[in-house]
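Scroll down for the structure; my scribbles are underneath it.
Chains as they are written, first to last, in the numbering used here: chain A, -5 to 257; chain B, 15 to 801.
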C-alpha cells in the first residue's frame, strides 16, 4: 500500500465533506478496495470510511412495501434480516464469498463498484430497485452502465437501496472455481406486471437484463418457456474459466433453473 | 486394540499444540535487531534484453540503504543445478547460467532484476518504483513443441537450442520395444497434457540473512525443506562461504510440497546483502511473488502407447514426453521427468518391454521442479489413463485388465531399471473393490440419472518409488549429492533424549512419529524424547525431506543411532548388574539379567553414563550420544489402488466427487492417524490437479493464473469424505522399520481415478469422448460433450 489518511465520519454529512478532499476515496467493506491498495493499484490520499455511519446501516420496509437496505449494511446482516421480507435476496447475500467476506462486504460497496461478476447488481436490476445516493434516487435500469461503470458522479455516495418485493424470485449461480464469484448467475423476479431477468458474470458490459427471456416468461412463466431460448455469445466474457459460448449457454441454463425453482 | 504409544499408536501430534495456539515459530516470526527489508523488482516481461537499469533516482529515496542489480553478482557463482542428466547420445544436458539477479536478459515474468534494501519494506517498494528499467522485448517461447523447432527464439543465447536434453530410457531397448509394437494384436494410443501447477504452501517463502562481523559467521533463516542442502549449494556454489562459517536455520515451515526443496535466489541475496550492508536483511514473499517465483510443478505433454497381444497381455509400452524446465534449471529439475518418472513407467504391471523418451525444454516461464510426487504422478497419470483406454477399446473390464497384468511375484525387476522389493497389488485391489461398493454402483447411477445427472466410476493403481535413495546409484544417475540421512541421539543424564535428525518436518508430524519409534525401541514414554531438526548448527548433516523419504531414510538413521545407544547402555547396565553383557535385556525402559529378577532402570543407566562413579571406564567412554548415517540400499515401493465416483451435471459440465476410496500399502506404519492425514492431504492436491488447478500462460509468456482469483485451489467443499485404508501391508525388506513412506501417494494416485470416472460418466450420457485434459473444469466438460 501507499500511505494514506483515514477519516471515520459518523454522519453522512461529514462523510460527504471528507470526500471533497483531493484524491479522497470512500471505503465501505473494502473487499475490493483493500486488495487493490495492497497491490498498489490505487493511491488515494484519504480513505473515508462509511462503516461508522449509523444512518447508512440496517434494514426496514417503507410505505410502498419496499425493502430498504442501508448501503453500509453487510451481506451477513442482509442474509439474516431480509430472510422473511425478501427470501431470494437474503439467499443471494448468504452465498456471497465466504463468512469473512459476508461480515465485511456491504451492499453499497458492491453496487457502487459494479464488478461484472458481482452478485448484488443482478438482484438490484432484476428487482427494479432504486439506488439512493446523497443527492438523488436512481432507477436500477439507469444506474448500471457497463463493467465497473455506474451513474454515480464524483462525490456521490450510495446511501441506500430500495427493493420492490416481487411475487416470487430466485437467484441461480454457478461459481467460477477460483474466485468463487459467479461464473454466470441469473436473478429472476416475477412481478404482477411482468418478469425481470438480470444476468451477472457473463457479459463484457456487466450486469444486463435478458429481454428475450423476460418476454417469453411474461407470457408463460415456466422453465419450458425458456428451455430453448438462446442468447448471443458475441458480448460474453471469455477467459480461463469459460468461453463466451459456454457462458452464453449457462445464461440459458441458470435462467431455466431459476424459473424452475419458483414456477 | 489400539496402542497407547510407540510404533502403531495414533499418538496426537504434539506439534499441533503450538501451531493451533499461534505459538509456532515461522521464519517470518523472526525479527533481527536492526534488520533491513528487501523488495525485489521483478520483470513483467517474459523475454527481453536488459538494456538499462538506472537506480540513481531510487537510491536517493528515503530509507534506501543500497540497491543491487545483476552487475553486483557478475563475479559471483550462479544458482547451481543439483542433477546432471546424460542424454540418449551420451552427452551431458545443456545447463545455462542462472544469475542471482537478471543479467543481460530477462527470461521469465517474475525474474528479479534489482533488489532494493531499505529501512522499511514500504520504503523499499517505493524506491523500486523509481528504478528505470529498459527492456528490449524479444519474442517469448512458451509452447514446448514450438520451442524446439528450428529457428525458435532461444531462451539462452549461449546454448545450441532450447532443448535441455533428449533422454532415452532404456535406449538399448528401443528397437525391441518398436518390434513388439509391430507384432501387437492391439495398440492403444493416448495423447495428454499433465497440467502445470503451483504448489501454494500456506506459508510463502521467507529468507533472512545475518552476518556476524566478530566471528565472520553467516546465518540464513529460510523456509526450506532441507537446510543442510541449502548450506552446501549456497555456500559452495554461489557465495563461496565454507560450511563452518555458514549456518542455515529453517524453523517451523508451513508446508513445502517440494517447492521449498530448492535453493532460490532470494536466499543467496539476503545472505550476501547482510554482509554487504552489515545489517540483517529480510524478505517475505507476497502471494503474488510466490506465483511467479516459486518453482512450478508438472507441465508435461505426452504421447503414450501400449501394445497388447491377442489375450490382452501388455507386451510393450512406449512414451514420448516433452517436459517443461522453464527458463532456468531449478535445483533438481532435470531429475524429475527422467529418473523419478521413467523408472516408474512399469507401474503395477509386468509389461516386459518399455521405452521412455523425454525431451526437456527451456521456455520463457517460471522454472519447473519437483511438486508432491515429482515425476511419479506424471508417470501414473499417463499409464493409468492409457490402461483405462485399452480396456474401453477392447471392451473389457478396466479392473480385470489391470488384474490380468499385475506383477504378482516379488522381488520384481522391471524393464526400467528398478527392483520392487515387496507389494501385493491383488490385495489392495481386493480391498478397494470392497471399500468402493462396486455392487451398489448401478443403483447409485440410477439415482443420479433420476436427478438428471450422470454418474461415473473410475479406478487406477499406482506404484511409487520413495525413500530416495542409494547414494552410489543416484551418483551414477547424475545426482550431485548423496541421499543418505543422519541422526544423532543424545541421551541426557536423567534419561530424557534429544534426537537430532536431518529430516525436516514442515507439516508431516515428525516430532510425534519419530519420537514414537525411539520410545518403542527403548520402552519409555514418548514425552521423554525431543525431536530437533532444521538447524545446521544442531544437526550433524541432513539431506532433508522430500520424496516421502523421512521415515524410510531419516527414520532408519534414527533407528541405527538408537541401536548404538542401546548397545552402549547395555554395556553400562551389565557393569551395574554385574552380569554378562549378552544376558542383558531391555524391556519397558529397564535393563534386566535374563532369567533373574535383577534389573536396573533406564534412568539409572543414563545417570551412570554422565556420573561415572561406578562405571567401566577402562572399556567405554562416559556419555551417551551416538550418531548414525543411513544410506538406503534401494528405493521403497508403496503402492495402492484408488477409486473415484463422480456425479456430472450434463447441462453445466459441473463435476462433483461423491465417493473416493483409497487402499494403500505403505508397509509398516508408525502412526496410523498421521498416515491417514497425509493421504487426505495428498488426495486434496491430486483432486485439485484433476478438477481445479491450472497454471496458465498466454503466448507472450504472461502468467494468466497469477492469483487466487484465477488459480483454483481445492477447498473443503470440493472434496468428499474420503474412505482411506492402509491395512494391506507388505513391509519393506531392506530398511529396519519395514516402512515405505506415505507423503505423496494421495497426489500420485488420485488424478487418473478422477479423470477415468469423469469419462465413465460422460460415456454413460452417450458421449464418445476418449480423453479430457486436466483440470476437468465445467467449461471443458461441457465443450467436450457438446463439441
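The C-beta atom is built at its ideal place from N, Cα and C for all residues, glycine as well.
Out of B:339, B:342, B:331, B:473, the CA that lies nearest to the CA of residue 364 of chain B is found in B:331. Contact note: residue 240 of chain A reaches chain B through 793, 796, 797, using a C-beta cutoff of 7 Å and chain order.
For residue 730 of chain B, the secondary structure class from DSSP, reduced to helix, strand or coil, is helix. Judged by DSSP in its simplified three-state form, residue 367 of chain B adopts strand. In the structure shown, residue 712 of chain B falls within a coil segment according to DSSP collapsed to helix, strand and coil. Within the segment 133 to 151 of chain B, contact with chain A at the beta-carbon level (separation under 9 Å) is assigned to 136, 139, 140, 143. Setting aside the 5 residues that flank it on each side, residue 637 of chain B is surrounded in the same chain by 623, 624, each with a C-beta closer than 7 Å to its C-beta; the list follows chain order. Apart from sequence neighbours up to five positions away, the residues of its chain that approach residue 762 of chain B with a beta-carbon distance below 6 Å are 387, 390, 391, 394, 476, 478, ordered along the chain.
As computed with DSSP, residue 224 of chain B is found in a beta bridge with B:233. Closest by C-alpha distance to residue 321 of chain B, out of B:367, B:471, B:137, is B:367.
For residue 200 of chain B, the enclosing beta strand (DSSP E) has its first and last residue at 200 to 208. Cβ-Cβ distances below 8 Å link residue 302 of chain B to 720, 721 in the same chain, with the five nearest sequence neighbours on each side left out; the list follows chain order. Between residue 41 of chain B and the set B:238, B:756, B:681, the nearest pair of CA atoms involves B:238.
Closer than 9 Å at the C-beta level to chain A, one finds these residues of the segment 723 to 751 of chain B: 723, 724, 725, 726, 727, 729, 732.
Contact annotation: the segment 192 to 201 of chain B touches the segment 329 to 343 of chain B, with at least three C-beta pairs closer than 8 Å. Minimum Cα-Cα distance from residue 16 of chain A among the listed residues A:137, A:4, A:148, A:121 corresponds to A:148.
Taking residue 492 of chain B as the centre and dropping the five residues before and after it, the same chain places the C-beta of 97, 98, 99 closer than 6 Å to its C-beta, in chain order. Note on geometry: alpha-carbon atoms of residue 227 of chain B and residue 235 of chain B lie some 17 Å from one another. The beta-carbon of residue 668 of chain B is placed less than 8 Å from the nearest beta-carbon of chain A. Non-local beta-carbon contacts of residue 716 of chain B in its own chain, meaning distances under 7 Å to residues more than five positions away in sequence, involve 60, 123 in chain order. Within the segment 196 to 214 of chain B, no residue places its CB atom closer than 7 Å to a CB of chain A.
As DSSP reads the structure, residue 137 of chain B sits in no beta bridge. Where residue 20 of chain A is concerned, the enclosing beta strand (DSSP E) starts and stops at 18 to 21. The beta-bridge partner set that DSSP reports for residue 67 of chain B consists of B:147. With respect to chain A, the C-beta atom of residue 55 of chain B has no partner C-beta closer than 8 Å.
Residue 610 of chain B counts as exposed, since fewer than 16 other beta carbons sit within 10 angstroms of its beta carbon.
Within chain A, the C-beta atoms nearer than 8 Å to that of residue 710 of chain B come from 234, in chain order. In the structure shown, residue 222 of chain A falls within a coil segment according to DSSP collapsed to helix, strand and coil. Residue 221 of chain A and residue 38 of chain A have their C-alpha atoms spaced approximately 48 Å apart. Secondary structure of residue 240 of chain A (DSSP, three-state): helix. For residue 176 of chain A, the enclosing beta strand (DSSP E) stretches over residues 176 to 185.
Against chain A, the CB of residue 280 of chain B has no partner CB under 8 Å away; the residue lies outside that interface. Shown here, residue 113 of chain B sits in coil according to DSSP, grouped into three states, outside any helix or strand. In this chain, the alpha helix (DSSP H) harbouring residue 158 of chain B covers 158 to 161. Look at residue 706 of chain B: its C-beta is under 8 Å from a C-beta on chain A. Contacts with chain A at 8 Å (Cβ-Cβ) do not include residue 307 of chain B.
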